[in-house]
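Asks: The opening position of the sequence shown corresponds to residue 7 in this note's numbering, with each subsequent residue numbered one higher.
Glycine included, each C-beta is placed from N, C-alpha and C at the ideal position.
It should be emphasised that the depicted structure is a prediction, and the values quoted were computed from it without experimental measurement.
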Amino acid sequence: MHTVRLAIAAAALVVSTNAFYLPGAAPHDYHKGEKVELYVNALTPMYSGTKLRSLINYDYYNPKLHFCEPDGGPKKQPESLGSILFGDRIFNSPYDIKMLEGNGTCKKLCLVEGLATEDAKFLNERIREDYALNWLVDGLPAAEMKNDTLTGDIFFDMGFNLGNNDGTQTSPVLNNHYDIVLRHVCSSTLYIQFIILWPRSISGDQHGDATCETKGVEPLRLYEDSMQPVRYSYRVIWEKSDTPWESAAFLAATRWDNYLHMFDLKVHWFTLINSLVIVVFLCIMVSTILWRKVSRDISRYNASDIDEGIQEDWGWKLLSGEVFRTPPKALPLSVMVGNGAQLCAMVAVTLVFALLGFLSPSNRGSLATVMMVCWSFFGGIGGYISSRLYSTLGGTERRKNAFLTATILPTFVFMIVFCLNFFLLMAGSSGAVPFGTMLLIVLLWFGISAPLSGFGSYLGSKHGGLRNPVRANQIPRQIPHGPRYLNPWIAALLGGLLPFGAAYVELSNVMSSLFASRAYYAFGFVALTAAVVALTVATVSILFTYFSLCAEEYRWQWRSFLIGGGSAFWVLCYGLGYWASRLSLDSLSGVVLYFGYLFLIVLLDFLVTGTIGFLASYWAVRRLYTSIRID
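1. Which runs of the beta strand (DSSP E) at least 3 residues long sit entirely within the region 178-224? Give them in chain order.
2. Please classify A509: does DSSP put it in a helix, a strand, or coil?
3. Tell me the start and end of each unbroken beta strand (DSSP E) in the region 22-106 that is at least 3 residues and wholly inside, in chain order.
4. Assign V532 to one of two classes, buried (16 or more other C-beta atoms within 10 Å of its C-beta) or exposed (fewer than that).
5. Consult DSSP for L399 and reduce its assignment to one of helix, strand or coil.
6. Can you find the residues in the same chain that come closer than 6 Å, C-beta to C-beta, to W204, ignoring five residues on each side of it along the sequence?
7. Please state whether the Cβ-Cβ distance between A374 and L91 is less than 7 Å.
8. Does the beta-carbon distance from F461 to G386 come in below 7 Å?
9. Using the three-state DSSP reduction, which class does W141 fall into: helix, strand or coil?
10. Using a 10 Å radius around the Cβ and a threshold of 16 neighbouring Cβ atoms, would you call T332 buried or exposed?
11. Within the chosen definition, does the region 466-484 reach the region 393-407 through at least 3 CB pairs nearer than 8 Å?
12. Would you report the Cα separation of V143 and L71, rounded to the nearest angstrom?
13. Can S623 and S547 be called in contact, C-beta distance under 7 Å?
14. Can you tell me the Cα-Cα spacing of D4 and L594, whole angstroms?
15. Among residues of its own chain, excluding the 5 on either side of L349, which ones have a beta-carbon nearer than 7 Å to its beta-carbon?
16. Measure the C-alpha to C-alpha separation of S372 and F521 and round it to an integer number of angstroms.
17. Roughly how many angstroms separate the alpha carbons of L226 and E150, rounded to a whole number?
18. How would you write the range of the alpha helix (DSSP H) that K335 sits in, first residue to last?
19. Could you give the residue range of the beta strand (DSSP E) that holds Q234?
20. Where does V439 sit, in a helix, a strand or coil, going by DSSP?
21. What do you get for L445, buried or exposed, if any count of 16 or more other CB atoms within 10 angstroms of its CB means buried?
22. In the DSSP assignment, find the alpha helix (DSSP H) that holds I160 and state where it starts and stops.
23. Span of the alpha helix (DSSP H) holding N427?
24. Please state if the CB of S239 and the CB of L115 are separated by a distance shorter than 7 Å.
25. Specify, as a first and last residue, the run of the beta strand (DSSP E) that A149 falls within.
26. From this set, L325, Q234 and P338, which residue's C-alpha is nearest L483's C-alpha?
27. The beta strand (DSSP E) with E119 in it runs from where to where?
28. Express the C-alpha separation of A48 and D94 in angstroms, rounding to a whole number.
29. With DSSP run on the structure shown, which of helix, strand or coil describes R227?
30. Taking Cβ to Cβ, would you say S566 is nearer than 7 Å to F620?
31. With a threshold of 6 Å on Cβ separation, who are the neighbours of A412 within its own chain once the five nearest residues in sequence on each side are excluded?
32. Is it a yes or a no for the region 61-68 touching the region 33-49, going by three-plus beta-carbon pairs under 8 Å?
33. Is L146 helix, strand or coil when you go by DSSP?
34. Identify, in the order they occur along the chain, each residue of the same chain with its Cβ nearer than 8 Å to the Cβ of D77, setting aside the five sequence neighbours on each side.
35. Assuming contact is defined by CB atoms lying nearer than 7 Å, are G616 and G570 in contact in what I supplied?
36. Between which two residues does the alpha helix (DSSP H) holding V532 run?
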């Protein structure tokens with residue numbers, strides 16, 4: 007499914023000559039004359055320098071496309087859970103390729119006798135929307151060789167155009183011939199280094215023999231007022247690599263280098279380092295100022311307690327009998343913090359796997375699979391933290407807390423995904439999740455995550471809540487009118503700016519990988535950005551919590567969660583700006599899908615950052631009131 011696509015691309019782990027291969031990363035060792043399988047994947051919309059025009063994937067063997075099918079019909083290849091969720095639909099193909107044989111030989115693939123007018127219209131619409139074909143050979147995607155206009159670097163753009171739209175009033179051009187360039191490495195055995203596609207359009211007598219002549223021929227246009235035949239042809243070109251290869255292990259670690267191209271690399275590095283330096287500097291500055299201020303307050307309070315002339319309390323010490331009072335709606339707060347902690351653990355472990363290189367780019371769907379499995383098995387973390395926090399806050403409905411922690415977020419997310427899947431089905435997209443996969447997701451969530459969450463809640467209830475340093479008064483203290491900037495919603499917007507600024511650099515690349523089918527592999531950047539964002543959220547939440555306590559506002563629990571999750575509002579604004587500037591979705595399905603995915607991103611970001619903000623503030627408040635003497 008074209009779900010929230012966190013695109014999978016990480017450089018293969020560099021190993022020694024006698025080391026192991028990661029699953030899916032090892033190149034196949036061929037012998038001369040051995041059959042080279044070419045697999046086809048779903049058609050995906052691509053961003054080609056203008057605006058993205060669709061979010062719908064289509065099966066390669068969609069009846070309206072009329073692509074050539076293999077003898078006996080296409081056979082679906084086994085896929086991982088993550089690959090299915092990402093919209094991969096891999097089948098075999100009729101292309102007859104044998105290692106180092108038939109170099110440059112023109113071959114006719116098949117003839118589509120009569121392309122109906124409705125199908126021609128469907129193809130023309132997909133060409134105008136810049137759809138790309140996706141092929142796989144030995145785990146490598148077929149790509150077009152392109153030139154980065156800014157740096158002049160040659161890179162491989164994964165996928166290749168279904169056709170070309172020249173912007174005229176005439177029909178678009180359909181690519182019906184493919185020059186397949188396979189570069190191979192000669193060692194004790196033969197390996198494929200990469201695959202490049204040169205799609206062409208050849209008109210003329212479609213019933214004649216294929217000549218594969220691409221120079222001086224008119225392109226093939228599909229007219230929507232009459233039926234017309236289409237002949238598909240291809241030519242395999244073998245190229246020998248001039249690079250000396252030490253071993254297959256070295257090849258496995260480097261043959262993805264040409265595919266993993268980052269645009270504006272110098273600008274990206276400069277902007278990222280500049281943002282990191284500013285954010286880290288501000289965090290250190292704020293932490294230093296806050297530490298000195300709090301230390302001074304503690305010294306004054308303790309000095310006044312031992313002084314013979316007892317002075318009246320002031321500032322945040324006045325709230326010693328109120329600060330640990332049970333907040334309103336403690337149940338939903340504890341449930342949200344528990345689910346946020348589960349998500350934090352999932353993100354942390356997934357980033358560790360990515361940094362270690364275990365999420366190989368050739369192992370399609372590995373990222374989503376790891377995330378789903380980690381989420382399911384970390385249900386115990388969410389249940390344990392939610393239960394202990396609920397007990398600490400003075401909650402009494404522990405069974406209800408355990409039930410909601412285990413079910414509310416998975417149910418809500420599943421409802422949204424189910425609705426989006428309905429729109430995919432209505433649009434005829436291959437990205438719609440099959441019924442069996444839906445059942446598997448339900449099994450993971452409610453068969454593994456929910457029982458583990460219940461077990462974690464049991465352990466949390468058994469351990470009980472944390473003992474507060476001071477007891478709450480029976481009668482609540484009256485809260486004076488505070489500064490306007492401490493209004494919960496205003497503080498959340500202000501507090502969310504700094505974390506959003508830290509993550510802004512990566513958002514454009516992440517959004518392009520999610521919606522524009524571009525590979526994203528810079529997990530090192532993501533891990534560094536995530537660490538800085540977490541540090542920033544914690545610092546900002548503690549700062550605003552301290553200001554609130556100094557203003558005699560003791561209802562800090564919900565405020566700290568809202569301030570920590572304030573960056574989600576700016577992520578929403580960025581998503582709206584991205585939609586206005588980079589997308590041009592004409593169909594209702596495309597608009598619903600985009601905003602559905604965007605809402606899920608914002609929701610998960612709010613839970614993760616809000617949990618970090620609350621836990622950091624709770625730690626600071628406990629340390630604050632433990633350090634002074636309370637009569």
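Replies: Based on what the coordinates show:
1. 183-192 and 196-206
2. helix
3. 44-46
4. buried
5. coil
6. D185
7. yes
8. yes
9. strand
10. exposed
11. yes
12. 22 Å
13. yes
14. Limits of the chain in this structure are 7 at one end and 637 at the other, which puts residue 4 out of reach.
15. L610, L613 and V614
16. 18 Å
17. 20 Å
18. Careful: K335 lies outside any alpha helix (DSSP H) and carries neither H nor E.
19. Q234 to K246
20. coil
21. exposed
22. Not the alpha helix (DSSP H): I160 falls in the beta strand (DSSP E), residues I160 to M164.
23. R404 to M432
24. yes
25. A149 to N153
26. According to the sequence as given, residue 483 is Arg; it is not Leu. Checked all of L325, Q234 and P338; the closest Cα to R483 is L325.
27. C112 to L121
28. 6 Å
29. strand
30. yes
31. A456, S459 and G460
32. yes
33. strand
34. P100
35. yes
36. F529 to C556
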